[in-house]
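Protein chains: 2
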Amino acid sequence: MNADNTTQPRWQRRKEARPAEIIHAALQLFIQKGFAATRLDEVAKQAGVTKGTLYLYFPSKEELFKAAVRETVVPSILLAEKIVADAQLSPEQLLRCLVGEWIRLIAESPANGISKLVVAEAGNFPDLAHFYLDEVVYRVRKVLAEILQRGIDSGEFRPLNIEFAVKEIISPVILQTIWNHAFGPYRRERLDMAAFTEFHLDVLLRGIRT
Amino acid sequence: MNADNTTQPRWQRRKEARPAEIIHAALQLFIQKGFAATRLDEVAKQAGVTKGTLYLYFPSKEELFKAAVRETVVPSILLAEKIVADAQLSPEQLLRCLVGEWIRLIAESPANGISKLVVAEAGNFPDLAHFYLDEVVYRVRKVLAEILQRGIDSGEFRPLNIEFAVKEIISPVILQTIWNHAFGPYRRERLDMAAFTEFHLDVLLRGIRT
DNA sequence: AATAATTAACCAACCAGTCAGTTACTTATA
DNA sequence: TATAAGTAACTGACTGGTTGGTTAATTATT
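Going line by line, the protein sequences match chains A and B. Under our numbering, the first residue of the first sequence is numbered 1, with each subsequent residue one higher. Under our numbering, the first residue of the second sequence is numbered 1, with each subsequent residue one higher.
Listed below in structure tokens is the structure:
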């Protein structure tokens, strides 16, 4: 029947690779369209399998969704904690480094769109919201609060409400990644994230230095 | 059949009031659950009608969605423009007033959750995204850019990249309202928005003054 | 009585989840 | 080495429940 004798099999058994590929495809579509609007047939197609295969690896659409968020988010947060733990830098240098690296490494990775996704779906998935708060939000805040406290203690920064200051640091970065995902496709030119980060740190540091 | 002779009719004809009531109910659910996850039966129930009635006033679920966003967003944006046009204040006072009023009036209104909603659904509704960009985002930016330019010209603010500075102003406010909607139900105590605004303006103005 | 608003039953399409069957791959046997 | 028997990854057609949208009947109003 098949004239090509070097023909590939119609599919291959790749038990180890499937979950990551499925998660990758799923995350992309969940970010793009949201949970409810994403069709599992489409996820399967993009992952190069059929819908039945999805259910060999994930028990339900909801579990696939949660797994995708969890698996993608954890490496990013570990990175941030590592940067702070490793580097022997002043608080100001640490902030510059963290926010700068963050932009480059996290904001450009597949984890990029997760803020938008989680914010949009938190209302429908209480346990996901709790997971994200505990494992991402609070851990990032803790890292930044630590840096700020050091700066205040050493006299580099003036006394600040740390909770507010943390929000001040991350808000422009987070919101910009969210916006890139939401409106990026509808605008001609994308914002220069590196330049914007530079600007943000400049204004921010002027505002919090003694 | 009905033993109560003072009984009300089972329903009343209220052609004028229905659309606003339906939009109110719809918006609340769309913000809470997203477009796809919101059931029209539920919208109808919350609006005190049945599903069929929805289709007397809106031709489809999608048109109801767009109408809800449009009707709710326009008054808010008009308010911001009015504040700036009316007041005879210094750029710094204007910023304080605008951001402060904004928090109080807009962030506490039903328009509150629309940022989150639009961001989440922009990918599924290109024309809504364009509408929001044109009628909200760009108009708000224009107002703020105007204030900043005045401040720079008068020497109160140092020379700034205005596009970036606008983002710097609005990011913490917008992101906080988005977060209140997404995670508010899962946290014990809500953030004191007034105090946070105060803090934000303080840091910001220190950062951009000459 | 005539009309217009609203209801409630209805339909058709869609989609998450299932499962019987198929196919790639592995291991045992000659 | 060749081949048969066995295993499990994978497929794809199917289904049962759900829901956007329609319409014939009902009820309020003029």
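Yeah, the Cβ is synthetic: ideal placement off N, Cα and C, and Gly gets one too.
- [ ] Measure the C-alpha to C-alpha separation of ARG216/B and GLU63/B and round it to an integer number of angstroms.
- [x] The structure shown has nothing for residue 216/B, since chain B only spans 1 to 210.
TODO: Tell me, please, whether the CB atom of VAL49/A is closer than 9 Å to any CB atom in chain B?
DONE: For the purposes of this step, residue 49/A is taken as the residue at position 49 of the first sequence. No - not a single Cβ of chain B is within 9 Å of the one on VAL49/A.
Open item on the list: Please tell me whether LEU98/A and ILE83/A are closer than 9 Å, where the distance is taken between their beta carbons.
Closed with: To locate residue 98/A, count along the first sequence from 1; it is residue 98. To locate residue 83/A, count along the first sequence from 1; it is residue 83. Yes, Cβ-Cβ distance for LEU98/A and ILE83/A is below 9 Å.
- [ ] Give a yes or no on whether the C-beta atoms belonging to VAL69/A and TYR132/A are separated by under 9 Å.
- [x] On the first sequence, position 69 is the one that residue 69/A refers to. On the first sequence, position 132 is the one that residue 132/A refers to. Yes.
Open item on the list: Please report the straight-line C-alpha distance between GLU121/B and GLN88/A, rounded to a whole angstrom.
Closed with: To locate residue 121/B, count along the second sequence from 1; it is residue 121. To locate residue 88/A, count along the first sequence from 1; it is residue 88. Answer to the nearest angstrom: the Cα atoms are 43 Å apart.
- [ ] Note down the Cα distance separating GLY207/B from LYS66/A, rounded to an integer number of angstroms.
- [x] Mapped onto the second sequence, residue 207/B falls at position 207. Mapped onto the first sequence, residue 66/A falls at position 66. Cα-Cα distance, rounded: 40 Å.
Open item on the list: Suppose you measure from the CA of ALA26/A to the CA of VAL43/A; what does that come to, to the nearest Å?
Closed with: Counting from 1 along the first sequence, the entry for residue 26/A is found at position 26. Counting from 1 along the first sequence, the entry for residue 43/A is found at position 43. Per the coordinates, the alpha-carbon of ALA26/A lies some 5 Å from the alpha-carbon of VAL43/A.
Task: Interface flag, HIS24/A vs chain B, CB-CB below 9 Å - done: Stepping through the first sequence from its first residue, residue 24/A is reached at position 24. Not an interface residue.
- [ ] Report yes if the CB atom of TYR55/A is closer than 9 Å to the CB atom of ARG18/A, and no otherwise.
- [x] What you label residue 55/A is simply residue 55 of the first sequence in a count that begins at 1. What you label residue 18/A is simply residue 18 of the first sequence in a count that begins at 1. Cβ atoms of TYR55/A and ARG18/A: not closer than 9 Å.
Task: Per DSSP, cross-strand counterpart(s) of ARG188/B - done: Working through the second sequence from its first residue, we reach residue 188/B at position 188. DSSP lists no beta-bridge partner residue for ARG188/B.
TODO: Assign ARG190/B to one of two classes, buried (16 or more other C-beta atoms within 10 Å of its C-beta) or exposed (fewer than that).
DONE: For this step, residue 190/B is matched to residue 190 along the second sequence. Label assigned to ARG190/B: exposed.
TODO: State the DSSP-derived secondary structure class of ARG18/A, mapped to helix, strand or coil.
DONE: By one-based count along the first sequence, residue 18/A stands at place 18. Of the three classes helix, strand and coil, the one that applies to ARG18/A here is helix, per DSSP.
- [ ] Evaluate ALA3/B with the Cβ neighbour count: other Cβ atoms within 10 Å of its Cβ, from every protein chain shown; 16 or more gives buried, anything less gives exposed.
- [x] Counting from one through the second sequence, the residue named residue 3/B turns up at place 3. Since pLDDT at ALA3/B reaches only 35, below the 50 mark, its modelled position is unreliable, and the value read off the structure follows with that caveat. Classification of ALA3/B: exposed, given that the 10 Å Cβ count is below 16.
Open item on the list: Using CA atoms only, rank isn't needed, just tell me which of ALA165/A, GLY34/A, GLU156/A and SER60/A is closest to GLN176/B.
Closed with: Numbered from 1 along the second sequence, position 176 holds the residue referred to as residue 176/B. Out of ALA165/A, GLY34/A, GLU156/A and SER60/A, ALA165/A has the C-alpha closest to the C-alpha of GLN176/B.
Open item on the list: Against chain A, with Cβ distances strictly below 9 Å, would TRP11/B count as a contact?
Closed with: As a position in the second sequence, residue 11/B is number 11, starting the count at 1. No, its Cβ sits nowhere closer than 9 Å to a Cβ of chain A.
- [ ] Please classify VAL211/B: is it buried, with 16 or more other beta-carbons within 10 angstroms of its beta-carbon, or exposed?
- [x] Lying before the first or after the last residue shown, residue 211/B is absent from chain B, which here runs from 1 to 210.
TODO: Taking the CB atoms as reference points, tell me whether PHE157/A and LEU144/A lie closer together than 9 Å.
DONE: Sequence index remark: in the first sequence, residue 157/A carries index 157 (1-based). Sequence index remark: in the first sequence, residue 144/A carries index 144 (1-based). 9 Å or more divides the Cβ of PHE157/A from the Cβ of LEU144/A.
Open item on the list: Assuming ALA123/B and GLN32/A are in contact, meaning their beta carbons sit under 8 Å apart, how far apart are those beta carbons, in whole angstroms?
Closed with: Start at 1 with the first residue of the second sequence, and residue 123/B comes out as number 123. Start at 1 with the first residue of the first sequence, and residue 32/A comes out as number 32. According to the sequence displayed, residue 123/B carries Gly and not Ala. Right, their Cβ atoms sit about 5 Å apart.
- [ ] Using alpha carbons as the reference points, say which of GLU163/A, ILE174/A, ASN180/A and ILE103/A lies closest to ASP192/B.
- [x] Here residue 192/B is taken as the residue at index 192 of the second sequence, counted from 1. Checking every option, the nearest Cα to that of ASP192/B belongs to GLU163/A.
Open item on the list: So if I threshold CB-CB distances at 8 Å, which residues from the stretch 33-46 of chain B count as touching chain A?
Closed with: LYS33, GLY34, PHE35, ALA36 and ALA37
- [ ] Can you give me, in chain order, the residues of the stretch 154-168 of chain B that have a beta carbon less than 9 Å from any beta carbon in chain A?
- [x] LEU160, ASN161, GLU163, PHE164, ALA165, LYS167 and GLU168
- [ ] Note down the Cα distance separating GLN8/A from GLU16/A, rounded to an integer number of angstroms.
- [x] In the first sequence, residue 8/A corresponds to position 8, counting from 1. In the first sequence, residue 16/A corresponds to position 16, counting from 1. The alpha-carbon atoms of GLN8/A and GLU16/A are separated by roughly 20 Å.
Open item on the list: Assuming the contact rule is C-beta atoms closer than 8 Å, VAL140/B and ALA80/B should be a hit. Round their C-beta distance to whole Å, please.
Closed with: By 1-based counting over the second sequence, the position of residue 140/B is 140. By 1-based counting over the second sequence, the position of residue 80/B is 80. Yes, VAL140/B and ALA80/B are in contact; Cβ-Cβ is about 6 Å, under 8 Å.
- [ ] Compare the beta carbon distance of LYS116/A and VAL119/B with 9 Å and say whether it is the shorter of the two.
- [x] Locating residue 116/A in the first sequence gives position 116, where the first residue counts as 1. Locating residue 119/B in the second sequence gives position 119, where the first residue counts as 1. In contact: LYS116/A and VAL119/B (Cβ atoms closer than 9 Å).
TODO: Please classify PHE35/A: does DSSP put it in a helix, a strand, or coil?
DONE: On the first sequence, position 35 is the one that residue 35/A refers to. Three-state DSSP puts PHE35/A in coil, outside helix and strand.
TODO: Please classify PRO126/A: is it buried, with 16 or more other beta-carbons within 10 angstroms of its beta-carbon, or exposed?
DONE: The residue labelled residue 126/A in the question sits at position 126 within the first sequence. Burial call: exposed.
Open item on the list: Just to confirm before moving on: does the CB-CB distance between ILE23/B and THR53/B stay below 9 Å?
Closed with: Along the second sequence, one-based indexing puts residue 23/B at 23. Along the second sequence, one-based indexing puts residue 53/B at 53. No, these two residues do not count as a Cβ contact at 9 Å.
Open item on the list: Short of 8 Å in beta carbon distance, which residues of its chain neighbour VAL173/A, apart from the five on each side in sequence? Order them along the chain.
Closed with: Residue mapping note: residue 173/A aligns to position 173 of the first sequence, counting from 1. So the qualifying residues of the chain are VAL99, TRP102, ILE103, ALA107, THR197 and HIS200.
Task: Exposure of GLY212/B, with buried meaning 16 or more beta-carbon neighbours within 10 Å - done: Residue 212/B lies beyond the range of chain B shown here (1 to 210); nothing can be said about it.
- [ ] Check the Cβ of ASN124/B against every Cβ in chain A and list those closer than 8 Å, keeping chain order.
- [x] Looking up residue 124/B in the second sequence gives position 124. Those within 8 Å of ASN124/B in chain A are LYS33, GLY34 and ALA37.
TODO: Flag this pair as yes or no: are the beta carbons of LEU40/B and LYS61/B separated by less than 9 Å?
DONE: One-based indexing of the second sequence puts residue 40/B at position 40. One-based indexing of the second sequence puts residue 61/B at position 61. Against a cut-off of 9 Å, the Cβ pair of LYS61/B and LEU40/B comes out as a contact.
Task: chain B within 9 Å of ALA129/A, Cβ atoms only - done: Locating residue 129/A in the first sequence gives position 129, counting from the first residue. At least one chain B Cβ lies under 9 Å of ALA129/A.
TODO: Give a yes or no on whether the minimum CB-CB distance between ILE116/A and chain B is below 9 Å.
DONE: What you label residue 116/A is simply residue 116 of the first sequence in a count that begins at 1. The sequence as given places Lys at residue 116/A; Ile does not occur at that position. Interface residue, yes.
Open item on the list: Determine, for VAL137/B, whether the minimum Cβ-Cβ distance to residues of chain A falls below 9 Å.
Closed with: Translated into the one-based positions of the second sequence, residue 137/B becomes position 137. Yes, its Cβ sits closer than 9 Å to a Cβ of chain A.
Open item on the list: Using the three-state DSSP reduction, which class does HIS130/A fall into: helix, strand or coil?
Closed with: As a first step, residue 130/A is located in the first sequence; it is residue number 130 there, counting from the start. Three-state result, HIS130/A: helix.
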